[in-house]
Amino acid sequence: MRAQFVLSEIGVGLRRNLTMTFAVIVSVALSLALFGGSLLMSDQVSSMKGYWYDKVNVSVFLCNKSDAESDPNCAKGAVTTDQKKQILADLEKMDSVVEKVTYESADEAYKHYKEQFGDSPLASSLTPDQMQESYRIKLKDPEKYKVIATAFDGRDGVQSVQDQKGILDNLFELLNLMNRAALGVMALMLIVALLLIVNTVRVSAFSRRRETGIMRLVGASGFYIQAPFIMEAAVAGVIGGGLACVFLVVGRYFTIDHGMALSSKLNLITFLGWDAVLTKLPLILAASVLMPALAAFFALRKYLKV
Amino acid sequence: MIRFDSVSKVYPKQNHPALRDVTLEVEKGEFIFLVGSSGSGKSTFLRLILREERASHGQVHVLGKDLARLSNWKVPQMRRQLGTVFQDFRLLPNKTVAENVAFAQEVIGKSKGEIRKSVPQVLDLVGLGGKEERMPGELSGGEQQRVAIARAFVNRPKLLIADEPTGNLDPQTSVGIMKLLDRINRTGTTVVMATHDQNIVDQMRKRVIELEKGRLVRDQARGVYGYQH
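Residue numbers (numbering that gives the first Met the number 0), protein chains in the order written: chain A, 0 to 305; chain B, 0 to 228.
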């Protein structure tokens, strides 16, 4: 196999089919960028899950004076010291599911709230009296929330039992849904890309049928005849894959570091590092070479018989 | 060299076979004319030898190999021992004469040195010495056919298949081409040539095989065309 011969054939083929080649490059780039993007997204979600599930608590909110007037759960008035002691004692007895219990006083709750939402207009109208005391319970298994809920919901002095995991789950579900939508779009783009490749190869094989016909007659091997077409598809694919990599790197840069700068605006979330992005790139490049090459190979089986 | 054992060929979706029960043998070094009207099965006969088609019944042996049992990936190796020439030349218009001939060697992976040596040699043989850098479009029909013959012969095939090589040429040019094919035949290469050219067949007095509606109707040593239009 003479490399020079094959390379010149590829160049000729790509130039002859410039518009089609361009379409292949763009569709491969878009589909693989979406693919990489959704891989990163699911990495992000699972790292967030790990981080947040570690921190989430089940909170048992206790009635305060203002709840006693408005909330039917607190009809019997604000929580008493005895009730608090009883609740704490019961929690400590449930050490098969409870890992740690911390108490947050109304003053602490007010302070935390101020820290988090200090700028909002609502925060300035709040007073420490309106905040609730609570027990923050860290579970050994975050799924065991029900046990706490049944034990303390409706008890005197308890306003509500809240599972923060439930709130997070909604968020994660939303993110996963978005991720699946991106994957769906990717799948469609990928099909478009593959069909384009098949068509490009077909046009290319047709426009060079004279050459391939002669090659067949003089006994060029099937591989030798097909290689230029397959490499053509692979070259177009890898250019698309390279573009997809650029999209991802630039995308991370502008959404997280600069531009939208989410990392400085949402400092509660730990965003993926560059390493996560960089490890995806070889995968994308490999896919960008292999998929078009395989598509071309199967297209040629039909259009270039021995 | 070539052996047909009761070979029939029926193309898919056609009732009438293109070849019916053809049996014949071609020895090494022979020169064969294949005659018959259009649709008599000449092309099918040649396509079977080139293994562009497979026989429906019977066996085709070429160069000692049973083509029915030759796996697809071995076909290219077999074809390297065959040369083919067509009525329409089939040259690459954007390559020079020398490049057209070299193409046949490049695509089977011959080295550059080998190509540089054999291309001028074979162009001399076909009488095109000095026209290496011309484009096919600048050549006469006869010269273009010589390029095609050079390309078919450059890999020194044992068997040369020619499908109406003089079909597009005037009688005088045709004689030149036939002299060239005869010279190639004298080097020991077997030649099978399908033709409609009565004068040539009558002059050359070689073995003639006549097909009619797919049947072998005549196999005559030192034969004449004999077929009336």
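In this text, a Cβ means the ideal position worked out from N, Cα and C, and glycines have one as well. Keep in mind the model is a prediction, meaning the values are calculated, not measured.
Given a length threshold of 4 residues, each whole run of the alpha helix (DSSP H) inside the segment 42-110 of chain B is given here in chain order: 74-78, 96-105. A:Y223 has a beta carbon lying within less than 8 angstroms of a beta carbon in chain B.
Contact annotation, A:V248 with A:V276: C-beta distance approximately 6 angstroms; criterion of less than 8 angstroms satisfied.
Taking the beta carbon of B:Q76 as reference, the chain A residues within 9 angstroms of it are G218, S220, listed in sequence order.
Partner residues in the beta bridge of A:S133, as assigned by DSSP, are A:F60, A:E103.
In the three-state reduction of the DSSP assignment, B:R145 falls in the helix class, which pools H, G and I. If you draw a straight line from the Cα of B:T83 to the Cα of B:R50, it comes to about 12 angstroms.
The Cβ neighbour count for A:A298, taken over all protein chains shown within 10 Å, is at least 16; the residue is labelled buried. In the DSSP assignment, the residues bridged to B:A193 are B:L33, B:D162. The residue among A:K92, A:L29, A:Q158 with its C-alpha nearest the C-alpha of A:K64 is A:Q158. If only uninterrupted alpha helix (DSSP H) runs of at least 4 residues are considered, none is enclosed by the segment 22-59 of chain A.
Close to B:I107, with beta-carbon spacing below 7 angstroms, are these residues of chain A in chain order: V217, G218, A219. Counting of Cβ neighbours within 10 angstroms places A:T101 among the exposed residues, the total staying below 16.
In the three-state DSSP reduction, A:S206 falls in the helix class (H, G or I).
For B:L91, the chain A residues whose Cβ falls inside 8 angstroms of its Cβ are R209, E210, I213, in order along the chain.
For the segment 135-157 of chain B, residues whose beta-carbon sits nearer than 7 angstroms to a beta-carbon of chain A comprise N154.
Rounded to whole angstroms, the separation of the alpha carbons of A:L38 and B:P11 is 50 angstroms.
In the assembly as shown, B:K27 is an exposed residue. Its beta-carbon has fewer than 16 other beta-carbons within 10 Å. The C-beta distance from A:D162 to A:V57 rounds to 5 angstroms, short enough to fall under 8 angstroms.
Here the segment 214-234 of chain A does not lie against the segment 16-32 of chain B, with fewer than 3 beta-carbon pairs under 8 angstroms apart. Residue contact check for B:F44 against chain A: no CB pair falls below 8 angstroms. Contact between B:I148 and B:V125 holds: CB atoms are separated by about 5 angstroms, below the 8 angstroms threshold. Taking all protein chains in view, the Cβ of A:D66 is crowded by 16 or more other Cβ atoms within 10 Å, so the residue is classified as buried. A:V157 carries a strand assignment under DSSP once its states are collapsed to helix, strand and coil.
Judged by DSSP in its simplified three-state form, B:D218 adopts strand. The C-beta of B:R115 comes no closer than 8 angstroms to any C-beta of chain A. In this structure, the alpha-carbon of B:W72 lies about 12 angstroms from that of B:L66. The criterion of a C-beta distance shorter than 8 angstroms is satisfied by B:G175 and B:G141.
Comparing C-alpha distances from B:D201 to each of B:F88, B:E163, B:F32, B:Q86 shows the shortest one belongs to B:F32. Per the coordinates, the alpha-carbon of A:K99 lies some 5 angstroms from the alpha-carbon of A:K137. Contact annotation: in the segment 2-18 of chain A, residues whose CB is within less than 7 angstroms of a CB in chain B are F4. At a cut-off of 8 angstroms between beta-carbon atoms, B:F88 makes no contact with chain A.
A:Q129 sits away from A:F60, with the two beta carbons spaced by 8 angstroms or more. In its chain, beyond the 5 residues on either side, no residue has a beta carbon closer than 6 angstroms to the beta carbon of A:R300.
At a cut-off of 8 angstroms between beta-carbon atoms, B:F32 makes no contact with chain A.
A contact between stretches requires three or more CB pairs, one per stretch, nearer than 8 angstroms, and the segment 178-191 of chain A meets this requirement with the segment 27-36 of chain A.
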